[in-house]
Amino acid sequence: GRIIHNLEAARLPDSTYIPAGPQPDETVMVWDNTITPEICRAVVNHFESSSLITRGVITRGGVTTPDERFKVTEEVNVAQAAEKDENWREIERVLLSALTKHLL
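Those letters in the sequence shown? Residues 155 to 258, by the numbering used here.
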């Protein structure tokens with residue numbers, strides 16, 4: 155399993171178009187073999203069946219809205235999902251534990 159942690163939120167100027175697709179990002183840290191393949195598979199399966207997926211969500215001026223002109227993604231805010239769903243709460247606990255291990 156792999157943990158990816160975005161260290162700094164991307165800032166998109168109002169007038170700039172960012173094309174969809176992989177972009178090199180020096181603010182992302184990656185740790186391989188951090189979680190077991192079984193845990194990784196369970197997280198992916200829960201994500202793929204989740205009703206809490208949002209698409210293209212960006213935050214501008216403190217307002218969060220979907221805007222796929224700037225960001226073409228499918229994502230779940232794990233912290234918000236953990237407030238609504240016990241499975242996401244457990245996933246959050248496991249991921250935060252793994253992340254803390256590497257950051258401290």
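Where is the CB? At the ideal position from N, CA and C, for every residue including glycine.
query	result
Per-residue DSSP class, three states only, for I172	Residue placement at I172 is poorly supported in this model, since its pLDDT is 47, which falls under 50; the coordinates still yield a value, given next. Note: I172 maps to coil in three-state DSSP.
Three-way DSSP call (helix, strand, coil) for E222 in this model	coil
Where the beta strand (DSSP E) containing V230 begins and where it ends	Where V230 is concerned, there is no enclosing beta strand (DSSP E), given that its DSSP letter is neither H nor E.
Reduced DSSP secondary structure (H/G/I, E/B, other) of I189	coil
Same chain, Cβ closer than 6 Å to R243, five either side skipped, listed in chain order	A236
Rounded C-alpha distance that separates V184 from K255	13 Å
Same chain, Cβ closer than 7 Å to D221, five either side skipped, listed in chain order	G210 and I212
Endpoints, the alpha helix (DSSP H) within which I212 is located	That residue, I212, is in no alpha helix (DSSP H); its beta strand (DSSP E) goes V211 to R214.
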